[in-house]
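Some notes on the structure that comes next.
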Amino acid sequence: MTIDFPAVGDGPSADDVPDGRDWDTAARVARLLEVVQRFANLDFSEAAPVGLTGDDLDAVAAGINMLGEELEGWNADFIERVDQRTAQLTAATERLEAEAAQRRRTEEQLAQANVELTDKVGELQRLNTQIVQLTEMSNLLQAAGDPEEAFDVAVRFAPEVFPGARGAIYVATSSGAVLELVRTWGPQEAMSPSFAADGCIALRQGSVHHGQDVEDNLCSHLPPGNDGHALCLPLTAQGEVLGLLSLYWEHDPALMAAGPQDNRDQPAGLETRRLALAAAEQFALTLANLALRTELRTQSIRDALTGLYNRRYLDETLARELHRAQRADLPVSVLMLDIDHFKEFNDTYGHAAGDTVLAEVARILLDSIRSGDIACRYGGEEFAVIMTGADQVAATARAEHLRTSIARHAFPGQGEPSSHLTVSLGVATRPQHGTSPDDLLHSADTALYRAKERGRNRVATAS
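Under our numbering, residues 689 to 1151 are what the sequence shown spells out, in order.
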């Protein structure tokens, strides 16, 4: 703020003063007023002139100068304090602005962390759901009674374990050279019903293959002209290829934005591949166990030489069929067959030729009976057939047909001309010849020996 005092020109003029001394006094007063005005405006560049007369005006000038010095000191101190305070306020402002910026950054980081945490929680929840589904699938696979049931279990759970994927299960043929399609899930295009084992890079390499672009046609089982993610997992057990688990994801720009390596929903994601590998291992183990179980079951109920059911299976099945026949009041017949003079044939042509005869008789037996009849090797050169629903007349007629078929057949000898053999047969029927397995088998066996006693190559019925 500027303080204005009366201008020097406003003071008395030379005409207003009686003499020159009075004029000098007026000029001195005007000069002092100018100094006072500069001091008031904080201009301390020039002090009030102090003369040598020591009069009152000199005293006033000295006082004005003293006041100006004090005022200048106060002003300098005030300015210094203002500068200090301004510096403090500036520093505080900068600190507050820095703190506010840091707070904003922290809030942004927290918001980003919250988004990432939400995504991670979602991923963990999805992964947990997939693991739960995979565990349940594994439990049901272990309880599967046959491959078809295992395939159904896989198709039921695969969409949950691998969301968004379409898939297929191929099973290797007995030769292992071809794989056949057995199940699919998800939106499917035309899938090849079969392909050569060398038509999949995973089978050629003997390891899991992940392809981010299937346009290279490395796998013939995938539909041509597609680009996406493919995951091929060989189903192997003990070094043997049992099949193939094929998974395929279409390209999704939303999912691909961060890159497939950062997205666990994509097959490039580590967790997805781990789940797929675990599923493939469990499924391969299931198929191997089912095959082993089937083989062991077959060995336990089948005769290795003839392929017919064995005595153990005969006993189990006859008891079951007799129980069923009793409830339905239906007949069941048992046919016992023995090769005539088989010991002499063995002695003449050797045991290898005898084994060939047994296998041939078994083949003729299977060709001559109904699909519902059950043919068994009873022991040695003796065979048995369970004929469900056949009464004594029907069973005797079938036995006679079987006898003539075998009698007309030329059995090759080992390095010898073909020879003909005959068989003797005994027939027993429920309920007239027995209602228990032991009674019915005994009656049929008795009838068989009666046929032999009467000259062989004939059919006898139980009495």
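The beta carbon of each residue, even a glycine, is placed where N, CA and C say it ideally should be. The structure displayed is predicted, hence computed values, not measured ones.
Straight-line Cα distance separating residue j from residue i
i, j, result
"L720", "P737", "8 Å"
"N753", "A735", "6 Å"
"D744", "R726", "21 Å"
"E983", "V1073", "23 Å"
"L973", "R1058", "37 Å"
"Q970", "L921", "12 Å"
"L1010", "V820", "46 Å"
"L805", "V859", "42 Å"
"R844", "L923", "18 Å"
"A967", "L822", "7 Å"
"L815", "L1054", "54 Å"
"D765", "Q776", "16 Å"
"R952", "T960", "Bear in mind that a pLDDT of 42 at R952, under 50, signals an unreliable position, so the number given afterwards is only what the model happens to contain. Approximately 6 Å, taken between the alpha carbons."
"D1035", "L867", "47 Å"
"P941", "G916", "With a pLDDT of 39 at P941, under the threshold of 50, the predicted position of this residue should be treated as unreliable, though the coordinate-derived value follows. Approximately 11 Å between the Cα atoms of the pair."
"R962", "A801", "27 Å"
"Q813", "E795", "26 Å"
Cβ neighbours of residue i in the same chain (closer than 6 Å, five flanking residues each side left out)
i, result
"L1018", "G1077"
"E1088", "V1147"
"C1064", "L996, Y997, L1002 and A1072"
Assigned exposure category for residue i - 16 Cβ within 10 Å defines buried
i, result
"R1118", "buried"
"H1157", "Because the chain here runs from 689 to 1151, residue 1157 falls outside it and cannot be looked at."
"Q818", "buried"
"S1124", "exposed"
"T1084", "buried"
"H909", "buried"
"V849", "buried"
"I767", "exposed"
"S863", "exposed"
"L755", "exposed"
"D807", "exposed"
"T994", "buried"
"G739", "exposed"
"A1095", "exposed"
"V803", "exposed"
Assigned secondary structure, residue i (DSSP; H/G/I helix, E/B strand, else coil)
i, result
"E1070", "strand"
"E1158", "There is no way to answer for residue 1158, as the model of the chain reaches only from 689 to 1151."
"H1121", "coil"
"S1056", "helix"
"A832", "coil"
"A1165", "Nothing can be reported for residue 1165: it is not among the residues displayed for the chain, which extend from 689 to 1151."
"T794", "helix"
"T1134", "helix"
"L910", "coil"
"P1100", "strand"
Proximal residues to residue i (C-beta, below 7 Å), its chain only, five neighbours per side dropped
i, result
"V841", "M825, L828, L829 and A832"
"L906", "I889 and G899"
"M944", "Residue placement at M944 is poorly supported in this model, since its pLDDT is 37, which falls under 50; the coordinates are not used for a value here."
"L759", "F727"
"V1115", "S1021, L1023, Q1080, A1083, T1084, A1087, A1132, A1135, V1147, T1149 and A1150"
CA nearest to the CA of residue i, picked from the options
i, options, result
"N1145", "A1116, L1128, S733 and H1108", "H1108"
"E1070", "A789, C907, L1046 and A1150", "L1046"
"E811", "A1050, G995, L958 and A1150", "L958"
"K1140", "S880, H1029, I767 and A799", "H1029"
"G1042", "R1091, F1099 and E782", "F1099"
"T1110", "G1060, A1082 and E1032", "E1032"
"G931", "L1136, G887 and W937", "G887"
"W873", "E782, I857 and L1129", "I857"
"G1142", "D1127, S1151 and S1112", "Reading off the sequence shown, one finds Arg at residue 1142, where the question assumed Gly. Taking only the C-alpha atoms, the option nearest R1142 is S1112."
"A853", "F839, A838, S934 and A925", "S934"
"P835", "I1027, G855 and R871", "R871"
"D746", "T713, L869 and A801", "T713"
"P875", "S1056, V896 and Y936", "Y936"
"A918", "P847, E928, N763 and H897", "H897"
"R892", "E787, V929 and A789", "V929"
Any chain D beta carbon closer than 7 Å to residue i
i, result
"H1108", "Protein chains in the displayed structure number just one, and chain D is not present."
Close beta carbons around residue i, own chain, < 8 Å, minus the five adjacent residues each side
i, result
"E1048", "H1097 and F1099"
"D1079", "P1019, S1021 and T1117"
"F883", "Y858, V866, L867, S908 and H909"
The ligand NAP heavy atom lying under 6 Å from the CB of residue i
i, result
"Y1001", "As presented, the structure is devoid of all ligands, the ligand NAP included, so that no description of it is given."
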